[in-house]
Every structure is written in structure tokens, then in C-alpha cells.
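Protein chains in written order, with my numbering: chain L, 1 to 280; chain S, 1001 to 1309.
Ideal Cβ positions, reconstructed from N, Cα and C, are used throughout, including at glycine.
All of these numbers come straight from a predicted model, not from anything done at the bench.
Shown next, in C-alpha cells, is the structure this report addresses.
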Amino acid sequence: MNSKIKKTIIDIVVFILLSLGAVTMLFPFLWMVSTSLKHPNNVHMFPPQWIPNPVIWRNYIDIWTIAPLLSGIKNSAIVTFATLFIGTFSTSISAFAFAKMRFPHKQKLFQLILIMIMIPPVSIIIPQFIGFSRLGLTNSLWPLILPGLFGNVSMLFFLRQYMIGLSSELMDSGKIDGCNYFEIYARIFMPNCKPALAANIIMWFMGLWNEFFGSLIYLNSPKKHTIQLVISTLNSYYASQTNFPIIMASSVVAIMPVLIVFIAFQKYFTESFALTGIKG
Amino acid sequence: MVPKREELTLKKRHSLDRKEALWAYIFISPPILQFLIFFAVPLGFAVYASFTDWNILNPTQHFIGLDNFKEMFTQEKFWKSFANTGMLVFAVPIYMFISVLVALGYNRKIPLNNAFRVIYYLPFVSSLVALTVMWRWLFNSQFGIVNNFLRAVFNIEGPDWLLDPKWIKPVIMLMIIWKMIGVSSIYYLAALQNIPKTYYEAAVIDGASGVKQFRYITLPMLTPISFYQLVVFSIGTLQTLIEVYMLTEGGLGGRNYSAGTVAFYIFDSGFRNYRMGYACGVSLVFLILVMAITLIQFKLSDKWVFEGN
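Written out as C-alpha cells, the structure reads:
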């Protein structure tokens, strides 16, 4: 009985501590949403107005005319979905080959590809930039899309790991049914990989949507800017005029797609099954 | 003498194998091409360019031997960028430590458990650009909420966090810590849940206290995931760039380059000063350093990582 009380007390303390942490985590987000609905004059009040008075909903209408937000969203969507659509195909089909097919030099080729995980992207950004500018592709979305069409190495690693865990009998039964290798991949293995695929695609989606550095170096004209670049440009421009609510409202819009996807699929992040393959 | 029938099947088998290998090579061609086009060729080019005075503004380039490397070792910004980057990496063990505690909390049956995990994870998935925009204003010296709070509650005038060379790095570290606790603690939770219950049962029978159980069971069982995180997250933190770009006024690396990281220095040399050859040289030094750190961490892991039985 005594140990039960002790346990309850510890639980209460832990709950309070975790709640305090949660407030710290949420605080900047709440502040951002709150600011986005304020009049510029009410931003710097202290103690801060958590519920704006008056609530300026107009900010969310004005941002679309003030900043090229819509074209930013469009450009980010093009990059994100083109990459995801084709990249997922090329990643999963190569993962299938590395997991279930027999061919010479398989291990060596796989290790070669894995080297790419260990290389900091910033260390080859300069020659990549020179290459794309020689091809006349700077100031277009191509440098942001092209590399990803060939796949995503960490996703390849996870999917291969996952497919190795699937029974090889799937392969044999496919062969007996007269399927060729592509059909075995598309009709038998892909449907069996859904959970692993979903988790990886969501993670990649977030990475692509939030991508900033590539946009910064490749895109010059505002019409080509991705959403992240629109936000950062807006920030440096409006910072001087201290029109905060506009900046915050645009940031809320930029964060929203990822937030919705994250909350809808949160179990892929917060439950341990999503971590198979990386457990020490 | 091999029977004819078997010879046929062997032949058939052989051709089937070749067919399988052919399909496989087609299937794996995308990542192989990616490796060649977007990795091997650029890297080779970087090696070449680092021996030239390549400048975007100047169409002709000359072979200048080791001059780029000699020059960078005399540049104050180069050394500062390495020191700054090194300091930021200390954020990793700090948030790993906090994350162990958070994960121990997650592992108890308390209300809102899942909501906590989602909330702690939010900063990690959100756009770094939007987050840094927000942080810039939180830490603004005149009307930032941090200094407003210090003024109102403690009646002290807070520093100019983002412009003060003393404070800019701690602010960036704080942001990294805030961003990473959610991920790190989920890794630790997974590891905690993987510890067999029987270990603790045996410890209870032997009369071990809770503290002893933690010291002799939990902690050793967490070392592999700690090692994994230390390697992966340190390498990630070494590449810190966007925080620096966004938090330093106009992306200048802070007053006296107090926040410039190596990644930022590469960006600065290449895309601000257009010195592509020099930037490639710095990139290579950075690349070698990152790989060396990875190798050293792997070597050291033998000493303290508990591999299980």
C-alpha cells in the first residue's frame, strides 16, 4: 500500500514536470498564433495579450496580397509532390532489389550508396551549384527536384531493412504465378510495405516542405520562391517596418500543412514501432 | 558424364540468374546514378576546384596549388567558424540528458501521455525558417518577450541576445535543445520499452533498490541508443546553418562572426564572396573532419557501449 502511494506521488510530480515542459514547447507557437491576429500596435504590450483585442482576422486576408504566398505554396507543392511521387517509386524499387533479389556485387553496391548518408550535404553544395548553373537550371525549381527523383538514401535503408523482414515465400509465390520481377515488386511487396512506406513518405514530405537552403541559393526571382523563402524574405523586409502580425500570419500558414500531416499521422512518430531498424 | 537433362536445367538456371541480375541492376540504377551524378562527380570536382582560384565573377581560373588551404589557416573567420561549430555540438549531450528524463516520464502510466509526446515533437517537424523568425522576435532586445519579461519581473535590462557575441551561441543552442528533445526522448522511450521486464524482476528478487536498478540495468541498456544519437545528432549539429543565417542580422554570422558555423562559412565564401575554389577547399576540410569524428566516435564506442549478451 505504501509503495502504491509513493508511486502515485511520483506520477503526480512527473505529470507536473512534463506539463511545464509542454508549456515551454508550445509557448512560441501560441505566441505566434496570437500575434498573427493582433493589430501591429498591440504586439509589444507587456504582459502580453494572449487573446488579441481586437482580433484582426484581416491579417489572414492581407497576407495573400502583400506577399507572394500563393505562388510560394504552389512552388513548394510542385517540388514536394514531384519528388515524393517519383522518388518514392525509385527508392522502393531499389530497396526491393537490395532486399530480395540476387545479383553480383550486391553488398558492395549497397555500401557505396550508404556512403551518401555520411556525407554532409553542405560539403558538396558548391560543385552542385556550379553544375546546375552550367546547365542553365538555376533560378528554376529543377535543382530542388532533380536529386530527389533518384530516391532518398535513408528511406532506401529503412525500406530495405523492412523488406528483408518480409517472407521470401512472397517472392516464390509470385514467380509461380508467372509474375515478372516488376510485378512482384508492384503487386506483392508494395502492398505489404504500407506502414513503413507511410512513415517514410510523411517524414520526407516534411523535409521537402521545410527545405530552405537550396531555395536560398538557387532561386532568385520572387515568382520562383518556395514558401520558406517567401517567409524569410518577408521577415527581412517587414522587420524594418515592424509589421509583425503579417510575418506571423504567413509563418502560421507556412507551418500549417506539415502540422496537419503530423497530427494526423502522429502515431508514426510517437510510437516505437516506427523506429524499427535503428534500435541500438 | 553429366546427364543431359541436368545440364539443361543448369543452363536454364544460369539464364534465370542472369535475368534476375539484369532486372535487379535496372531497379537499383536510380540510387547508383544519384551517387554518380549528385555525389561522386561533384566531390571530384570539389577536389579539383579547391586547387584553383575559381570565382563566379571571373570566367578564367588558374591552378594555384595549395594556396587556398594555406590561406584558410590564416583566416580568423575560418578558425572562429570551427570553434563556434564545436560549441554548438555541446547542445547534443545536454538535450540527450534532458531527453532521458523526459522518456522516463513517458514510460509511466500518466494522463495525457500521448499528448505530451506530440507536443514535445512539434518543434522538430515545424519549418525551421518560421521557427527562427519567431525566435528572433522572442529575443529582440527592445520589444522581445524575453527582455520584456526580465524588465517587468526582475527589473533588469536583458542583453541584446542576438547581437551580443557572448549570447548569440547560447541562444542558438537553446533553440537546438528545444527543437530536439521531442525526437531524442522518443528514441529513449523505444529503448526503455525494449528492456526485458525479467531483468527488473530479477533485480527485485535480489533486493536491488530503484536507484540501483536504474544504475545497473536501465543506464547500461540505454548506451547503444545514446551512442547512435550522439553520432547522428552531432553530425547533424555540425552542419548548423539555417539558424545562423536567420538569427544573425541579415545573415552575417553575428557580430565579430560570433555565430558563424563552418557550414555558414562555406556558404559565405561561396555565395557571398563568390570564391568557389576557396569554398570547395573549406568544404573538403570540413568533410574530412566530419568523417574523422564519426570514426573516432565508433572507436570510442567500444569503451562504453553495452552491447548486450
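- Around the C-beta of L:S92, 16 or more other C-beta atoms lie within 10 Å, and the residue is accordingly described as buried.
- Following the DSSP letters along the chain, one finds S:R1136 inside the alpha helix (DSSP H) bounded by residues 1128 to 1138.
- With respect to S:P1123, S:K1179 sits close: the two C-beta atoms are nearer than 8 Å.
- By the neighbour-count criterion, in which a residue is buried when 16 or more other Cβ atoms sit within 10 angstroms of its Cβ, L:D177 is exposed.
- Contact between S:S1081 and S:S1185 fails: their C-beta atoms lie close to 30 Å from each other, not under 8 Å.
- Annotation: Cβ neighbours of S:V1129 in chain L (cutoff 7 Å, chain order): F212, Q228, I231, S232.
- Put simply, the CB of L:M163 is far from chain S, with every gap to its CB atoms at 8 Å or more.
- In the DSSP annotation of this structure, S:F1143 is not part of any alpha helix (DSSP H), being labelled neither H nor E.
- Residue contact check for L:R160 against chain S: no CB pair falls below 8 Å.
- By the neighbour-count criterion, in which a residue is buried when 16 or more other Cβ atoms sit within 10 angstroms of its Cβ, L:R134 is exposed.
- Between the stretch 123 to 132 of chain L and the stretch 184 to 199 of chain L there are fewer than three C-beta pairs closer than 8 Å, too few to call the two in contact.
- Under the 8 Å Cβ criterion, the stretch 144 to 154 of chain L counts as touching the stretch 1028 to 1040 of chain S, having at least three qualifying pairs.
- For L:E211, there is no enclosing alpha helix (DSSP H), as DSSP marks it with neither H nor E.
- Closer than 8 Å to the CB of L:V153 there is at least one CB belonging to chain S.
- The C-beta distance from S:D1053 to S:I1064 rounds to 5 Å, short enough to meet the 8 Å contact threshold.
- For L:R160, the enclosing alpha helix (DSSP H) has its first and last residue at 153 to 164.
- Relative to the Cα of L:L159, the nearest Cα in the group L:T233, L:K100, L:L30, L:T65 belongs to L:K100.
- Three or more beta-carbon pairs drawn from the stretch 66 to 83 of chain L and the stretch 207 to 223 of chain L are found closer than 8 Å, and the two stretches are therefore classed as touching.
- For the pair L:S34 and S:I1168, the Cα-to-Cα distance works out to about 26 Å.
- Between S:L1252 and S:F1078, the alpha-carbon positions lie close to 14 Å from each other.
- Using a Cβ-Cβ cut-off of 9 Å, S:A1049 is close to I126, P127, I130 of chain L, given in chain order.
- Taking a 10 Å sphere around the C-beta of L:T8, we find fewer than 16 other C-beta atoms and assign the residue as exposed.
- If you draw a straight line from the Cα of L:Q49 to the Cα of S:G1158, it comes to about 21 Å.
- In this structure, S:I1242 sits near S:V1129, with a CB-CB distance shorter than 8 Å.
- Here the alpha carbons of L:I117 and S:L1016 stand approximately 33 Å from one another.
- Residue contact check for L:Y60 against chain S: no CB pair falls below 8 Å.
- Note that the C-beta distance between L:V230 and L:P68 is below 8 Å.
- Contact residues of the stretch 65 to 83 of chain L toward chain S are absent (C-beta to C-beta distance below 7 Å).
- Residue-level contact by beta carbon holds for L:M101 and chain S, with a gap shorter than 8 Å.
- Below the 7 Å Cβ cutoff, chain S contributes no neighbours of L:Y238, its closest Cβ being approximately 10 Å away.
- For L:V258, same chain residues with a beta-carbon under 7 Å away, outside a window of 5 residues either side, are M206, W209, N210 in chain order.
- Collapsing the DSSP output to three states places S:N1114 in a helix.
- L:T83 carries a helical assignment under DSSP once its states are collapsed to helix, strand and coil.
- S:V1282 and S:R1215 have their alpha carbons spaced roughly 44 Å apart.
- In chain order, E1020, W1023, A1024, F1027 make up the part of chain S whose C-beta sits under 8 Å from the C-beta of L:Y181.
- Classified as buried, L:P127 has 16 or more neighbouring CB atoms from the shown chains inside 10 Å of its CB.
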